[in-house]
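In our numbering, the protein residues as written are 1 to 843.
So the structure is just underneath, and the comments pick up after that.
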Amino acid sequence: MLVTKWKNSSPKAKSVTVMLVILLSLTLCLMAFLPFFQTRAASEFSTPLTEMSFIEQLYQSNYIQYKYLKEKTDQKNWSYSDLYLTIDYLGNRESGDPAFSASSATYQIADRISSDASSDTPVSDGDLEEALYNVFLSQIDEMKAGAEKLTQYVDYCAQDTASGTQIGNSSVSELTALLNGQTSTEHPSYIYYAVIEYDAAGHVSSCRAYFGDESDSFLKKLETAGREQYFQQFSDDSDSLLLDFDSDSGQTYRYRVSLSGPSNMRIIYAITQQQYQKILSSRDLFMSDTNYDSLQYQSYCAAGVPHVLIGFFAAAFLFGGFMVLLFEKRGYCIRSFSICQLPIEIAAVLLCLFFQGPYFLTHLICGVQQGQLFPNLTKHVLSPLHLSGTLYLFLAIVFFLCFFVAFLLGTIAAGCLRSKQEFREHSLIIRYWRRIMNAWNRFYQELVSFDIGTDAKKMISKLVIVNFIILFAITFFWVWGFVPLLIYSLIIYFLLKKYVYDIQTKYQNLLRATSSIARGDFDTAFSEDFGVFESYKKELLQIQTDFKKAVDEEVKSQRMKSELITNVSHDLKTPLTAIITYINLLKEPGLTPMQQQEYLDTLDKKALRLKVLIEDLFEISKATTNNVTLHYDNVDICNLLRQCYLEYETRMQEKNLTFKFQLPEEKVILRLDPQKTFRIFDNLYTNISKYAMPSTRVYVTVTDSASETQIAIRNISQMELTVSGEELTERFVRGDGSRNTEGSGLGLAIARSFTELQHGTMQILLDGDLFKAILTFRKPGAEPVDNRSEHLDTAHSANANLSGNLNCPGAADNPAEGIEPPPIYRPSRWRSDKNLRKHGQKK
């Protein structure tokens, strides 16, 4: 029936049944090994009371107990230096004598001796004794602490062999009998004792010891320890220490320091069965390696329990693999369980942690069998209820779970080894490889492209966190961690090598860019990635732009100098030549009065033209050098524009020019120099009267806002404009390149200079034949605002940079800062010099 039921069951049920049978079998087998583990551990258990570390502790305690015994015998206080230190002065060291070899105590003692040893007298015994005492005081303190703890766990009795005086912590008569050599074999109270006797010279004269079957080996160790020196730093190869002390006078004093032991003393240390159990179970004893828990665990390890557990885990691991490789085709689909679909990386971490499993279980087995696991629970709850066996049930459950994890890891490992496709499907690294690489590339690019001119805290934090995570993962490998640490170090080496190479490449790009600028190549495009030097790239681009601009301006300045000489020569030579010509004509005889008057009118006209040209030269020269005195006043801009137009109304009508004034209804008052402002408008109107296309309209627009006032004058040029608006404001530049019209070419230059001297801006904008002059003046307390049309090209004057640093009287302060304006002056009172001359001629 069972066979039929088995055949009819599902593959999943069969798989679970086989797995449970295997795991339960392994658990029962391991439980059967527990008595064997306990027996082997008991045979391997070694008590610390017969070890040299504990015996040395007994001898060190003798130095402390001897002081107490001596004080009781002599009825006075003794210091450790009086009992143990002997100092002998050996004289001065001669030049030919060999030096004593220095020990660790030599330097310590020399540092503590007073510097008063500069005289020719030897160092006093008191000073040397005090120095020696301070050197070994720390060791004495350790001995005292050890002796105090020792006497809390053991019975002891010390006796002066000369006087019979005794001290101890027990009044048991058996202890005194053992001290005097009287032994009792009937029900002895002490299972352990050690008797040590010192002669008058301070040497160990005899020893007696008892500890059951280990008495003989215990006695040999006790006698061997009696020949040891317990103040190692105060002795070389003998029982004394030879010291050389150099004084400031150049003398070297030699001393012999001897350290003796207890004398005429017999002492016994004895332990009862209860004291023995207390020592082994104590967690606060003077020797850390006598802790009972650790001793029992060491005995289980020495019995080979961890190795047996490793064998069981390996069997569970292999069974899991065989279930996949051998029986899956028959329907045992262990891998179909979701718990068996753990990612390979998690399984690898579990496998690494599983290396510590046998040692953890060894602790657990030791705790259950020796009563160290949940001792209070066992004593007060489980034992009274006779349920102490539940701890073994708990142990069996832990075994079963551990075997299940090993079995699970075996199935995962076998499935991954059997099929590459399954390995890829169950690997988190392969599944998310693309995302991991993208994240890594982003992080690396961020590291390589990091701008060293910015805050590095965030980047440093990322590096530290990543490094911490990797090192933290490596710590799980324990002693085998050197393998992943070596791999990690190699990866870091190659990454740093690549990173440094990238930085060197970016540095070469930066070096090539600076070299191109140094060679005067200002058209090089910095398209390379500068990485950590990206901020320097922006600065280099700015330097390149500024250098190119400076070079272009210098070339332009040189060209303008050449043109200036040519234009000045031409404009001065033309009227001067005419004057000379007509003077020569006047010298000719036979001229009629009408001809003479005609020649004189021409001479007067040419002389006035020459005078105006020279005055314009002086004006532009003073404006350029900021040697102009400004007299600020409140100016009605709209009235000034109309008044200036009236001066040119006749000439405008001759060319049939129609003026369209688009002015605000309210007055627009600005704090300006009236004469210089009138000269600005006068030059602009003069320019219109000469170069505007006849029978066209001229628009004069004033736009007033809270921050500034803008004046725009637009007209159509009669001739094609082949120069830029910037060049038109230069000196001796005219719209007609043939220079056939009357004029000096200084009008716009003077207008721009006077505008900038009054903290304004003047722009000449050209759009085909459309000529547009825009003047902008900032109002009091307002910041400069640039609200001009974006589609027009903006031209800035080099002199505008100097407008804020004028050194001339009246122009040093911004006139817009005035608070109480004076009375407004009407522009009708002002006349240009040109019109005044015209009115004078008419008269």
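Every residue gets a Cβ at the ideal spot worked out from N, C-alpha and C, and that includes glycine.
Please state the DSSP three-state secondary structure of L277.
Locating residue 277 in the sequence shown gives position 277, where the first residue counts as 1. Looking at the sequence shown, residue 277 is not Leu but Gln. Of the three classes helix, strand and coil, the one that applies to Q277 here is helix, per DSSP.
Quick one, which of A177, I346, F319, V305 has its alpha-carbon nearest C366's?
In the sequence shown, counting from the first residue as 1, residue 366 sits at position 366. If we check each option's Cα against that of C366, V305 comes out closest.
Would you list the residues sitting across from C157 in a DSSP beta bridge?
Your numbering for residue 157 matches position 157 in the sequence shown. G168, I268, per the DSSP bridge assignment.
Using the Cα positions of C808 and N626, report the straight-line distance between them to the nearest angstrom.
Stepping through the sequence shown from its first residue, residue 808 is reached at position 808. Stepping through the sequence shown from its first residue, residue 626 is reached at position 626. Legend: pLDDT at C808 = 35, less than 50; position of this residue unreliable, value from coordinates given subsequently. In a straight line, the C-alpha of C808 is about 6 Å away from that of N626.
Grab me the residues of E214's own chain with a C-beta within less than 6 Å of its C-beta, minus the 5 sequence neighbours each way, in chain order.
Locating residue 214 in the sequence shown gives position 214, where the first residue counts as 1. Excluding sequence neighbours, E214 sits near T50.
Does the separation of the CB atoms of I491 and G481 fall below 9 Å?
Within the sequence shown, numbered from 1, the residue matching residue 491 stands at position 491. Within the sequence shown, numbered from 1, the residue matching residue 481 stands at position 481. Taking 9 Å as the Cβ cut-off, I491 and G481 do not qualify as a contacting pair.
Let me know the alpha helix (DSSP H) ranges lying completely inside the region 637-672, each 4 residues or longer, listed in chain order.
637-647, 649-654
Where in the region 502-567 do unbroken runs of the beta strand (DSSP E), each at least 3 residues long, occur, reported from the N-terminal end onward?
Counting only runs of 3 or more, we get nothing.
Using the DSSP secondary-structure output, state which residues sit across from A194 in a beta bridge.
In the sequence shown, the residue the question calls residue 194 occupies position 194. A194 is bridged to A209, Y269.
Could you spell out the range, first to last residue, of the alpha helix (DSSP H) harbouring Q57?
If you number the sequence shown from 1, residue 57 lands on position 57. Residues 52-74.
Measuring CA to CA, which of R697, L775, I680 is closest to F754?
Stepping through the sequence shown from its first residue, residue 754 is reached at position 754. Checking every option, the nearest Cα to that of F754 belongs to I680.
Whose CA, out of P188, T161, S189, T224, lies closest to the CA of E197?
The residue given as residue 197 occupies position 197 in the sequence shown. Looking at the Cα atoms, T161 is the closest of the given residues.
Decide yes or no for the touch test of the region 598-618 against the region 646-657: beta carbon pairs closer than 8 Å, at least 3 of them.
Contact check between the region 598-618 and the region 646-657: fewer than three CB pairs, one atom from each, fall below 8 Å, which does not count as touching.
With I774 and A712 assumed to form a contact (beta carbons below 8 Å), what rounded beta-carbon distance in angstroms separates them?
For the purposes of this step, residue 774 is identified with residue 774 of the sequence shown, where counting begins at 1. For the purposes of this step, residue 712 is identified with residue 712 of the sequence shown, where counting begins at 1. With a Cβ gap of about 5 Å, I774 and A712 count as contacting.
Rounded to whole angstroms, what's the CA-CA distance from A800 to L510? Just pull it up for me.
Position 800 of the sequence shown, counting from 1, holds the residue named residue 800. Position 510 of the sequence shown, counting from 1, holds the residue named residue 510. The predicted position of A800 is uncertain, since its pLDDT is 34 and thus under 50; a value taken from the coordinates is nonetheless stated next. Roughly 35 Å between the two C-alpha positions.
In terms of alpha-carbon separation, which member of L24, F45, S61, A607 lies closest to Y300?
Locating residue 300 in the sequence shown gives position 300, where the first residue counts as 1. The shortest C-alpha separation from Y300 is found at F45.
I487 versus L350: straight-line alpha-carbon distance, rounded
By 1-based counting over the sequence shown, the position of residue 487 is 487. By 1-based counting over the sequence shown, the position of residue 350 is 350. Near 21 Å, if we compare the C-alpha coordinates of L350 and I487.
Can you give me the C-alpha to C-alpha distance between L874 and G768, rounded to a whole angstrom?
This structure cannot speak to residue 874, because the chain is shown only from 1 to 843.
Compare the C-alpha of G212 against each of T47, Y153, D88 and name the closest.
The sequence position of residue 212 within the sequence shown is 212, counting from 1. That would be T47, whose Cα lies nearest to the Cα of G212.
For C638, does the count of other Cβ atoms within 10 angstroms reach 16, so buried, or fall short, so exposed?
Numbered from its first residue, the sequence shown carries residue 638 at position 638. Looking at its Cβ environment, which holds 16 or more other Cβ atoms inside 10 Å, C638 is buried.
Would you identify the three-state DSSP class for G818, choosing helix, strand or coil?
As a working note, residue 818 is residue 818 in the sequence shown. Summary for G818: the model assigns pLDDT 39, below 50, so the residue's position carries little reliability; its value from the coordinates is reported in the next sentence. Of the three classes helix, strand and coil, the one that applies to G818 here is coil, per DSSP.
I'd like to know if the region 394-402 and the region 18-31 are in contact, where contact means that at least 3 CB-CB pairs between them fall below 8 Å.
yes
Can you tell me where the beta strand (DSSP E) with K772 in it begins and where it stops?
One-based indexing of the sequence shown puts residue 772 at position 772. Note, K772: beta strand (DSSP E), 770-778.
Assuming A270 and D155 are in contact, meaning their beta carbons sit under 8 Å apart, how far apart are those beta carbons, in whole angstroms?
Taking the first residue of the sequence shown as 1, we reach residue 270 at position 270. Taking the first residue of the sequence shown as 1, we reach residue 155 at position 155. Sure, about 5 Å apart at Cβ, within 8 Å.
Enumerate in chain order the residues of its own chain whose CB-to-CB distance from R208 is below 6 Å, with the five nearest sequence positions on each side excluded.
By one-based count along the sequence shown, residue 208 stands at place 208. Counting only Cβ-Cβ distances below 6 Å, and skipping sequence neighbours, we find V195.
Assign Y632 to one of three DSSP states: helix, strand, or coil.
On the sequence shown, residue 632 is found 632 positions in, with the first residue counted as 1. In this structure, Y632 counts as coil in the three-state DSSP scheme.
Run the CB neighbour count on K606, radius 10 Å, all protein chains shown included, and call it buried at 16 or more, exposed below.
Working through the sequence shown from its first residue, we reach residue 606 at position 606. When all chains shown are included, K606 counts as buried.
Helix, strand or coil at E882 according to DSSP, with G and I counted as helix
A question about residue 882 goes unanswered here, because the residues of the chain that appear run from 1 up to 843.
Classification of E268 by the beta-carbon crowding that lies within 10 angstroms, buried from 16 upward
Position 268 of the sequence shown, counting from 1, holds the residue named residue 268. Residue 268 is actually Ile in this sequence, not Glu. I268 is buried by the Cβ-count criterion.
Cβ atoms of G321 and G389: under 9 Å apart, would you say?
Within the sequence shown, residue 389 is the residue found at index 389, counting from 1. Within the sequence shown, residue 321 is the residue found at index 321, counting from 1. For G389 and G321, no; Cβs fall outside 9 Å.
Measuring CB atoms only, is the region 550-559 touching the region 577-589, in the sense that at least three cross pairs come out at less than 8 Å?
no
Member of N92, E71, L90, T677 whose CA lies at the smallest distance from the CA of L83
Looking up residue 83 in the sequence shown gives position 83. Ranking the options by Cα distance to L83, first place goes to E71.
Helix, strand or coil at N683 [DSSP, three-state]:
In the sequence shown, residue 683 corresponds to position 683, counting from 1. Helix at N683.
Using a Cβ-Cβ cut-off of 7 Å (strictly less than) and excluding sequence neighbours within five positions of V16, which residues of its own chain qualify?
Here residue 16 refers to the residue found at position 16 of the sequence shown. Here the set comprises nothing.
Over the uninterrupted beta strand (DSSP E) stretch that includes M762, give me the two end residues.
Here the question's residue 762 lines up with position 762 in the sequence shown. From DSSP, the beta strand (DSSP E) with M762 extends over 760-767.
Quick one: Cα of K14 to Cα of W433, how far?
The residue you call residue 14 lines up with position 14 of the sequence shown. The residue you call residue 433 lines up with position 433 of the sequence shown. A direct Cα-Cα distance of roughly 37 Å separates K14 from W433.
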